[in-house]
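Enquirer: Just so you know, the UniProt record's numbering puts the end of the sequence shown at 184, numbered straight through with nothing missing. Have a look at the structure that comes next, please.
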Amino acid sequence: MAGNGDGVQLLGYWASPFALRIKWALKLKEIHYEYVEDHLLDKSPMLLQYNPVHKKIPVLVHKDEKCVPTMFKAFSKVGAEQEQAAKELRENLKTLESALEGKHFFGGETIGFLDIAVGWIGCWARMNEEVAGVNMIDVEMTPLLGAWFQKFLKLPIIKECLPPQDKLLVHTKEFHKMLMAALT
């Protein structure tokens with residue numbers, strides 16, 4: 001998955017093995033990035049801005065504006081803006097689905113990092129669809145992803161950690177109501 005890496009920056013230190021691992025991963029994925037050297041003793045304003053809690057390198061700065069922002073727009077807009085955001089989300093999910101081809105999970109035969117990272121979408125997108133009245137995940141367009149969401153969310157270890165659906169629905173409705181009130 002090559003990308004031009006617009007806006008991707010790696011804030012690191014030349015002798016850091018942790019920054020080195022990120023450099024390797026970016027190179028392997030052919031993602032172009034800007035390397036910004038930081039100093040361990042003299043914390044830069046950029047480091048403090050992007051990692052204010054731990055104040056450590058490495059920090060990967062990127063413009064991830066794919067699934068989450070489009071899902072939020074589809075949830076918080078109405079009319080043509082809402083449908084356009086939902087359409088963009090469905091297109092972005094097609095890219096995600098391509099990583100599932102020939103596998104049970106993103107990690108292969110077992111749950112991996114990516115499964116954990118994107119698993120929430122299956123639960124929250126469906127809840128957002130119900131409340132906002134817009135189709136975010138089109139199982140005809142992304143059948144592998146639709147099947148994966150169902151399989152993933154039914155796993156006992158995943159299912160036991162999910163919030164109660166009735167409580168989540170009430171919360172989502174209240175949050176949506178606040179967003180809609182802010183639009184007027």
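The beta carbon of each residue, even a glycine, is placed where N, CA and C say it ideally should be.
Determine the DSSP secondary structure at residue 107, reduced to helix, strand or coil.
Expert: coil
Enquirer: Mapping the DSSP letters down to three states, classify residue 11 as helix, strand or coil.
Expert: strand
Enquirer: For residue 50, does the three-state DSSP call read helix, strand or coil?
Expert: helix
Enquirer: Work out the CA separation of residue 42 and residue 139 for me, nearest whole Å.
Expert: 51 Å
Enquirer: In whole angstroms, what is the alpha-carbon distance linking residue 38 and residue 18?
Expert: 13 Å
Enquirer: Output needed for residue 134: all residues of its chain with C-beta closer than 6 Å, excluding positions within five of it in sequence on either side, in chain order.
Expert: 74, 82 and 86
Enquirer: With distances taken between CB atoms, is the gap from residue 11 to residue 46 smaller than 8 Å?
Expert: yes
Enquirer: Judging by CA-CA distance, which residue of 13, 7 and 155 is the nearest neighbour of residue 62?
Expert: 7
Enquirer: Evaluate the contact criterion for the region 93-105 versus the region 153-167: three or more CB pairs, one atom per stretch, below 8 Å.
Expert: no
Enquirer: Who are the Cβ neighbours of residue 72 in its own chain at under 6 Å, not counting the five residues just before and after it?
Expert: none
Enquirer: Taking a contact to mean a Cβ-Cβ separation below 8 Å, would you say residue 22 touches residue 48 in this structure?
Expert: no
Enquirer: In this structure, does DSSP put residue 60 in helix, strand or coil?
Expert: strand
Enquirer: In angstroms with no decimal places, state the Cα-to-Cα distance between residue 179 and residue 79.
Expert: 15 Å
Enquirer: Once DSSP output is grouped into helix, strand and coil, what is the label at residue 137?
Expert: coil
Enquirer: How many angstroms separate the CA atom of residue 147 from the CA atom of residue 15?
Expert: In a straight line, the C-alpha of residue 147 is about 44 Å away from that of residue 15.
Enquirer: If you follow the alpha helix (DSSP H) that residue 130 is in, where does it begin and where does it stop?
Expert: Start and end: 113-132.
Enquirer: Quick check on DSSP: helix, strand or coil for residue 170?
Expert: Helix.
Enquirer: Do residue 127 and residue 169 have their beta-carbon atoms positioned less than 8 Å apart in this structure?
Expert: It is a contact, given that the beta carbons lie within the stated cut-off.
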